[in-house]
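Following: one structure in structure tokens, then a few remarks.
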Amino acid sequence: MMILKFDLLLLMILLVSAVFALRVKDALGAAILLGVFSFMMCLLWSTMGAVDVAFTEAAVGAGVGTVFFVAMIFRTTRRTSD
Amino acid sequence: MRLFATIFCLILGAMLIAATGDFPDFGDPGSPASSHLSTYYIENALHDAEVPNIVTGVLADYRGFDTMLETAVVLIAGLAVTFILRRQRDEDYVPEDSSASRPGLIVQTTAHLLVPPGLIFAFYVLAHGHHSPGGGFQAGVILGAVLILYAFAFGLAKAEEIFPEKAQRFCAFFGVSLYAGIGVCCLALGKNFLDYSALASPFSLSPSHARSLAILGVEVGVTLTVASVMFSIYADLASSGYRDEGL
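In order, the protein sequences belong to chains A and B. Numbering-wise, this note's numbering puts 73 at position 73 of the first sequence, and it's gapless, one number per residue. Just add 82 to wherever you are in the second sequence, counting from 1, and you've got this note's numbering.
Listed below in structure tokens is the structure:
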């Protein structure tokens, strides 16, 4: 029962971060929200017992993936005015 | 058009959600995956590969070919990023003084504190992949992340003094070659490609012991490739392909 509540909380945060990553105008904010999404996904994998997948998700998705996005964002410029 | 796309996405989503109802329940012992495949691995992995962590046994031994080509995919992805982004400065380019934009003392001290434990953790994950979650891919990503942290705090040029561009290329290729080379050794000794038990007789080991050690060997190859590709991608992205200043 405890795990179910925990799962529901994780899924809520997952959905919210996914929707806001699409809606947010600021690219850096979207990258951070994708990192949050990955980390929630990692916690969900570990509640399902897939520890190896959770480990990979934490290292690749939440870690290095976010770093790549941030590195890209620092090298881009915003040309349009919106 | 936008309305059409929205309706189409909603229909597709509804169909996918309806289809998930046909999946077996989570952890259902009667599902096909649990009743045929998993039981075989759970019963035989320790004996066949002498690896207590079944995931590592499946990844590096039962499906070693799959993992080898995944590593090759990582190598190709790194090469593609380099081919697209890497470029040289003009002859008359005068570098700006980038020392002003370096992160401050706090970031550098934190990096000093985090890099050594990070390196040790990467090698722990690599060497302990037989017994606990982890293995080549995760160790490679952690190693790459530690190098990226170092480059972020002290500048890309300083990080590339430790791990130069040529060394990155060499390690990326050497990792895949090490993996494939172990496979070719098995082939040369008269067994199938990546059938590690072939390595038992030349080193006078038991077949399962040879498998356990060969898994460590291929994991080292995966780690080398993944770590150097991760760092290479970061170096290309962060410096717009010039590799001289970083973020």
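Heads up, the beta-carbon is just placed ideally off N, CA and C, and yes, glycines get one too.
Report the three-state DSSP secondary structure of residue i (helix, strand or coil).
{"i": "B:LEU271", "result": "coil"}
{"i": "A:LYS98", "result": "This structure gives no information on residue 98 of chain A, because the portion of chain A shown stretches from 1 to 82."}
{"i": "B:SER283", "result": "coil"}
{"i": "B:SER322", "result": "coil"}
{"i": "A:VAL36", "result": "helix"}
{"i": "B:SER214", "result": "coil"}
{"i": "B:LEU276", "result": "coil"}
{"i": "A:GLY63", "result": "helix"}
{"i": "A:ASP52", "result": "helix"}
{"i": "B:GLN220", "result": "helix"}
{"i": "B:GLY263", "result": "helix"}
{"i": "B:GLN190", "result": "helix"}
{"i": "B:SER113", "result": "coil"}
Starting from the Cα of residue i, find the closest Cα among the options and give me that residue.
{"i": "A:LEU11", "options": "A:ALA71, A:MET40, A:VAL67, A:ASP52", "result": "A:MET40"}
{"i": "B:GLU125", "options": "B:SER113, B:PRO114, B:GLY112, B:VAL140", "result": "B:VAL140"}
{"i": "B:LEU201", "options": "B:PRO185, B:ASP148, B:GLN220, B:VAL155", "result": "B:GLN220"}
{"i": "B:ALA131", "options": "B:ILE297, B:PRO215, B:PRO185", "result": "B:ILE297"}
{"i": "B:PHE150", "options": "B:THR307, B:TYR175, B:SER117, B:VAL223", "result": "The displayed chain sequence assigns Met, not Phe, to residue 150 of chain B. Comparing Cα positions, the closest option is B:THR307."}
{"i": "A:VAL51", "options": "B:LEU187, B:LEU94, B:GLY160, B:GLY211", "result": "B:GLY211"}
{"i": "B:ALA204", "options": "B:PRO215, B:VAL189, B:VAL223, B:THR192", "result": "B:VAL223"}
{"i": "A:ALA97", "options": "B:LEU119, B:HIS213, B:LEU161, B:PHE234", "result": "A query on residue 97 of chain A cannot be resolved here, the shown segment of chain A reaching from 1 to 82 and no further."}
{"i": "B:VAL300", "options": "B:GLY265, B:LYS273, B:SER321", "result": "B:GLY265"}
{"i": "B:ARG251", "options": "B:VAL176, B:LEU161, B:LEU229", "result": "B:LEU161"}
{"i": "B:VAL137", "options": "A:PHE69, A:GLY49, A:VAL60", "result": "A:GLY49"}
{"i": "B:VAL310", "options": "B:HIS129, B:THR153, B:SER321, B:LEU92", "result": "Note on residue identity: the sequence assigns Ser, not Val, to residue 310 of chain B. Nearest of B:HIS129, B:THR153, B:SER321, B:LEU92 to B:SER310, Cα basis: B:THR153."}
Our contact map puts residue i next to residue j with C-beta atoms below 8 Å; I'd like the distance itself, whole angstroms only.
{"i": "B:ARG168", "j": "B:GLY263", "result": "That pair is no contact at about 28 Å."}
{"i": "B:GLY218", "j": "B:LEU208", "result": "7 Å"}
{"i": "A:ALA31", "j": "A:THR77", "result": "That pair is no contact at about 16 Å."}
{"i": "A:LEU107", "j": "A:PHE37", "result": "No information on residue 107 of chain A is available, as it lies outside the stretch 1 to 82 that chain A covers here."}
{"i": "B:LEU281", "j": "B:GLY146", "result": "Not really, about 13 Å apart at Cβ, beyond 8 Å."}
{"i": "B:LEU238", "j": "B:GLU173", "result": "21 Å between Cβ atoms; not a contact."}
Chain B partners of residue i, CB-CB under 7 Å?
{"i": "A:PHE55", "result": "PRO215, GLY216, GLN220"}
So which residues of chain A does residue i contact, with C-beta pairs closer than 7 Å?
{"i": "B:VAL137", "result": "ASP52"}
{"i": "B:GLY226", "result": "VAL64"}
I want to verify the contact list: residues of chain A whose CB lies under 8 Å from the CB of residue i, in sequence order.
{"i": "B:ALA320", "result": "ALA71, PHE74, ARG75"}
{"i": "B:VAL223", "result": "THR56, ALA59, VAL60, GLY63, VAL64"}
{"i": "B:ILE230", "result": "VAL64, VAL67"}
{"i": "B:MET312", "result": "VAL64"}
Going along chain A in order, which residues have a C-beta closer than 9 Å to the C-beta of residue i?
{"i": "B:TYR316", "result": "VAL64, VAL67, PHE68, ALA71"}
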